[in-house]
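Protein chains in written order, with numbering that gives the first Met the number 0: chain C, 0 to 303; chain D, 0 to 437.
Cβ coordinates follow ideal geometry from the N, Cα and C atoms, glycine included.
Worksheet: the structure to be examined is printed underneath.
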Amino acid sequence: MEKVIKRKSKYNKAESRAAYICMLPSVIGLVCITYLPMIASFALSLFSWNGLGNMKFIGFDNYVKLFTNDSKFYGSLLSTLKYAGLSVLGCMIFSLIVAMLLNRKIPARGFFRGVFYLPYVLPAMAVYLGWKWLFDYNYGFLNYVITMAGGNRIKFLDDSLMVTPSLALIAVWLSGNLIVIFLAGLQNVPRVYHEAAEVDGANGFHRLIHITIPCMTPIIFYNLLMSLVTNLQVITPALSLTKGGPGTGSYYMCYMLYNKAFNSHQYGYGSAIAVILFILIAIFTAILFSTSNGWIFYEGDDKE
Amino acid sequence: MKKLISLLLCLTMLLTLSSMAMAEDTRVHITFSFWGDETEAQSVQANLDAFNASQDRIFVEPMQIPNEEYTSTLVSYAIADQLPDCGMVNENAVLYFARNGVMADVSTMYEGEALQPMDCITFKDAGVPVGYSSCNEILILYYNKDMFDAAGEPYPSADKPYTWDEFIAVSKRLTLDENGLHPDDEGFNPEKIVQYGCFVNNWTWQLEVWALSNGGAWFSEDGKECLINSPEAIESIQKVADLALVHHVAPLNVIPEDNGVGVGIGSGAVAMTTDGTWRLGTDFPTLGINYGIAPLPVMKQEVTSCTSGLTGVFAGKHQAEAYEFVKWYTREESSWDSLVLTGIWMPKSEYYYTEEGMKEWLGNDAYPFKDIETAKKVLVDYTMNYAKPACWYFTPNTQITTNEILFTALQPVWSGEKTAEEAINGIYEEMVEAISME
Chain C
0 MEKVIKRKSK
10 YNKAESRAAY
20 ICMLPSVIGL
30 VCITYLPMIA
40 SFALSLFSWN
50 GLGNMKFIGF
60 DNYVKLFTND
70 SKFYGSLLST
80 LKYAGLSVLG
90 CMIFSLIVAM
100 LLNRKIPARG
110 FFRGVFYLPY
120 VLPAMAVYLG
130 WKWLFDYNYG
140 FLNYVITMAG
150 GNRIKFLDDS
160 LMVTPSLALI
170 AVWLSGNLIV
180 IFLAGLQNVP
190 RVYHEAAEVD
200 GANGFHRLIH
210 ITIPCMTPII
220 FYNLLMSLVT
230 NLQVITPALS
240 LTKGGPGTGS
250 YYMCYMLYNK
260 AFNSHQYGYG
270 SAIAVILFIL
280 IAIFTAILFS
290 TSNGWIFYEG
300 DDKE
Chain D
0 MKKLISLLLC
10 LTMLLTLSSM
20 AMAEDTRVHI
30 TFSFWGDETE
40 AQSVQANLDA
50 FNASQDRIFV
60 EPMQIPNEEY
70 TSTLVSYAIA
80 DQLPDCGMVN
90 ENAVLYFARN
100 GVMADVSTMY
110 EGEALQPMDC
120 ITFKDAGVPV
130 GYSSCNEILI
140 LYYNKDMFDA
150 AGEPYPSADK
160 PYTWDEFIAV
170 SKRLTLDENG
180 LHPDDEGFNP
190 EKIVQYGCFV
200 NNWTWQLEVW
210 ALSNGGAWFS
220 EDGKECLINS
230 PEAIESIQKV
240 ADLALVHHVA
250 PLNVIPEDNG
260 VGVGIGSGAV
270 AMTTDGTWRL
280 GTDFPTLGIN
290 YGIAPLPVMK
300 QEVTSCTSGL
310 TGVFAGKHQA
320 EAYEFVKWYT
330 REESSWDSLV
340 LTGIWMPKSE
350 YYYTEEGMKE
360 WLGNDAYPFK
370 DIETAKKVLV
380 DYTMNYAKPA
390 CWYFTPNTQI
400 TTNEILFTAL
410 QPVWSGEKTA
420 EEAINGIYEE
430 MVEAISME
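Right under this line is the structure:
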């Protein structure tokens with residue numbers, strides 16, 4: 000065995016050199032615009048710095064202040080978790096159902112696939128402005144319909160408890176990319192399993208539970224992970240629609256760190272929030288990965 | 000021969016180019032940063048062209064930065080030691096820049112000049128002037144004359160403002176539900192209001208005036224103490240919130256916009272709205288409504304807030320040249336046609352608030368508000384007798400206190416989830432800590 004490797008080593012060397020050269024641009028990119036800023040962020044979080052004056056080392060005081068004398072931090076944390084929970088759950092269920100419907104042989108299937116994907120490619124600002132007019136309390140379309148039907152107006156965006164569910168609804172409406180990925184996954188579920196199950200007398204529901212969903216678990220895992228990470232980093236609706244309000248109702252952590260760093264010029268404090276958000280996302284990702292072995296089914300896997 | 004000619008031609012060209020370059024090098028190039036849209040960029044460029052043509056020592060180049068990220072962009076330039084030489088500065092960034100050595104000393108800029116900027120628009124850090132606003136803007140009450148006529152209601156007086164109770168009473172008479180009922184009528188349905196009597200702009204800095212009106216304040220005059228938890232200040236906030244929540248005379252505005260005219264009178268569903276005087280030039284000429292102006296209603300004492308951003312000189316190596324340009328640029332004449340006569344700016348020098356001086360702008364045919372008698376009372380006399388500087392003229396860290404902490408904390412008050420007292424008590428400690436931050 001050793002001989003074989005030695006004989007090939009010259010060729011291997013050349014090949015690995017090529018690989019390293021090809022990898023270089025992306026490694027440089029990753030290091031310079033991801034890892035170094037991350038380390039810098041953590042370092043900055045130990046300082047008090049307003050951007051213009053001198054930096055003052057204060058150890059973990061920023062973190063202590065966040066947890067003890069900040070009227071918005073816990074509200075922000077809670078809103079972020081609430082938003083991520085609602086939108087991940089909503090997006091996953093909605094996208095999976097729509098993908099399964101679009102996977103059937105229905106008339107004008109291509110048209111409907113386009114319709115559900117369309118929101119995803121629209122410019123975010125335009126989407127949120129449109130929804131603002133739907134949700135508005137005084138003059139909005141939805142409340143107009145509700146009062147026409149004799150109901151009382153709903154404070155979709157003007158109530159700190161309602162605002163996150165309302166924004167999560169927009170996220171669900173925007174989840175066209177998940178639908179496409181699910182659809183690709185559904186088309187890979189082997190027909191033979193379905194046919195075999197049909198022969199054995201399984202109905203549609205049984206096939207969904209015992210064939211489609213198990214075969215889809217790798218795709219579900221991927222979508223779950225991606226949408227969890229994206230939704231924990233939510234900022235656009237807060238920036239464009241609610242300015243973080245009412246109160247801390249949509250004062251998501253990303254928005255809070257942006258606001259603290261770039262509007263009130265507390266760069267160290269903003270960095271501390273970024274570090275906490277990073278840890279939060281890391282914890283959720285770790286939980287997801289650690290449970291994944293238990294419920295993901297890979298074809299060709301020798302696991303029972 | 001041909002070769003020789005072309006060689007000579009090339010040489011001449013090179014010489015001309017190099018001499019042109021050398022000629023340009025004798026002027027000092029400075030940059031001027033500003034925010035604004037394309038139209039504003041054109042008017043700024045026109046001003047710069049005029050300055051550049053007026054002398055041959057300084058050449059000013061514009062640097063346009065989007066409004067939302069203006070201050071943070073300047074901060075990043077400052078960190079990289081690449082600041083422009085001069086530029087516009089947002090109100091809430093003036094003391095932040097001044098206290099951190101970004102702004103050059105301009106305290107002698109108007110020494111010995113005939114036109115002196117008013118004291119109420121002078122930014123002061125611990126009493127020392129650090130900058131002068133480019134213009135003067137005060138808060139006033141706008142009203143829709145057609146809606147008053149339809150309700151048979153006399154117009155608000157230009158010199159005898161409403162008391163707060165009168166303001167509510169008039170607003171009630173102007174508020175209608177879909178059946179034409181007013182808020183005190185039996186059967187009035189607050190869920191189906193089609194016309195509101197008033198809208199008080201609750202964008203944070205515009206709220207401070209109500210604390211002053213109610214006999215309180217947000218900050219002490221030396222900018223060192225936070226007084227927002229005083230009963231007067233808290234009551235004033237609650238009174239504004241109650242217009243929508245209790246009296247049903249104003250639309251709900253939980254997440255404020257910086258445009259009371261847009262959400263208020265401009266939408267055609269509100270009869271009176273409070274906002275800044277720049278709306279006379281920026282909004283009303285295109286709104287197409289028959290409007291009038293009046294002083295703000297009074298809670299306990301008559302008062303209005305004045306404010307405006309400024310054009311500052313940044314500390315750097317071309318400070319002297321930038322100083323000269325800014326002095327030229329901030330004269331009223333430099334923006335007379337584009338900003339003063341269009342109604343967007345009110346002049347910053349005291350002279351223009353005298354009998355003689357006011358004729359030059361209010362009396363000009365180009366000025367958008369034509370009723371000169373009313374304008375004298377509501378714009379000139381009101382400024383001279385009742386205008387007080389907004390808190391960012393003398394209080395440090397308003398970019399944290401009012402712009403961020405207070406802005407968010409007050410939203411549950413506007414929606415009725417919290418009382419003003421609960422909201423203010425919840426953030427008071429944080430405000431106190433923020434105001435003393437370096």
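From residue i to residue j, what distance separates their C-alpha atoms?
i, j, result
"residue 303 of chain C", "residue 287 of chain C", "In this predicted model, residue 303 of chain C has a pLDDT of only 45, less than 50, meaning its place in the structure is not dependable; the value taken from the coordinates is given anyway. If I take the Cα positions, the gap works out to 21 angstroms."
"residue 228 of chain C", "residue 284 of chain C", "8 angstroms"
"residue 150 of chain D", "residue 169 of chain D", "10 angstroms"
"residue 65 of chain C", "residue 401 of chain D", "19 angstroms"
"residue 295 of chain D", "residue 302 of chain D", "8 angstroms"
"residue 271 of chain D", "residue 358 of chain D", "28 angstroms"
"residue 381 of chain D", "residue 277 of chain C", "53 angstroms"
"residue 51 of chain C", "residue 363 of chain D", "44 angstroms"
"residue 97 of chain C", "residue 249 of chain D", "43 angstroms"
"residue 254 of chain D", "residue 411 of chain D", "9 angstroms"
"residue 128 of chain D", "residue 105 of chain D", "8 angstroms"
"residue 163 of chain D", "residue 28 of chain D", "54 angstroms"
"residue 221 of chain C", "residue 292 of chain C", "13 angstroms"
"residue 267 of chain C", "residue 261 of chain C", "11 angstroms"
"residue 95 of chain C", "residue 170 of chain C", "15 angstroms"
"residue 115 of chain C", "residue 225 of chain C", "19 angstroms"
"residue 226 of chain D", "residue 232 of chain D", "8 angstroms"
"residue 291 of chain D", "residue 41 of chain D", "31 angstroms"
"residue 80 of chain D", "residue 417 of chain D", "45 angstroms"
How is residue i classed by DSSP in three states: helix, strand or coil?
i, result
"residue 235 of chain D", "helix"
"residue 442 of chain D", "Here chain D has residues from 0 to 437 only, and residue 442 of chain D is not among them."
"residue 29 of chain D", "strand"
"residue 358 of chain D", "helix"
"residue 387 of chain D", "strand"
"residue 377 of chain D", "helix"
"residue 97 of chain D", "helix"
"residue 326 of chain D", "helix"
"residue 134 of chain D", "coil"
"residue 59 of chain D", "strand"
"residue 184 of chain D", "coil"
"residue 123 of chain D", "strand"
Mind checking whether the beta-carbon of residue i lies closer than 7 angstroms to any heavy atom of the ligand FMN?
i, result
"residue 255 of chain C", "In the structure shown, the ligand FMN is absent, as is every other ligand, since no ligand is present at all."
Skipping 5 residues on each side, what residues in its chain have a beta carbon closer than 6 angstroms to that of residue i?
i, result
"residue 30 of chain D", "60, 62, 83, 84"
"residue 436 of chain D", "396"
"residue 341 of chain D", "280"
Got a sec: is the Cβ-Cβ distance from residue i to anything in chain D below 8 angstroms?
i, result
"residue 269 of chain C", "no"
"residue 235 of chain C", "no"
"residue 59 of chain C", "no"
"residue 261 of chain C", "yes"
"residue 146 of chain C", "yes"
"residue 246 of chain C", "yes"
"residue 27 of chain C", "no"
"residue 307 of chain C", "Lying outside 0 to 303, the shown extent of chain C, residue 307 of chain C is not represented and no answer is given."
"residue 82 of chain C", "no"
"residue 241 of chain C", "yes"
"residue 69 of chain C", "yes"
"residue 192 of chain C", "no"
"residue 133 of chain C", "no"
"residue 52 of chain C", "yes"
Does any C-beta atom of chain C lie closer than 8 angstroms to the C-beta of residue i?
i, result
"residue 155 of chain D", "no"
"residue 319 of chain D", "no"
"residue 71 of chain D", "yes"
"residue 251 of chain D", "yes"
"residue 434 of chain D", "no"
"residue 37 of chain D", "no"
Using C-beta distances below 7 angstroms, list every residue in its chain close to residue i, excluding the 5 sequence neighbours before and after it, in chain order.
i, result
"residue 55 of chain D", "26"
"residue 235 of chain D", "209, 210, 212, 213, 215, 298"
Query - Members of the region 393–406 of chain D near chain C, C-beta cut-off 7 angstroms - result: Residues of the region 393–406 of chain D with a C-beta atom less than 7 angstroms from some C-beta of chain C are 398, 399, 402, 403, listed in chain order.
Report task. Select from the region 135–166 of chain C all residues with a C-beta closer than 8 angstroms to any C-beta belonging to chain D, and list them in chain order. Result -> Against chain D - using a Cβ distance shorter than 8 angstroms - the residues of the region 135–166 of chain C are 136, 137, 138, 146, 151, 152, 154, 156, 157, 158, 159.
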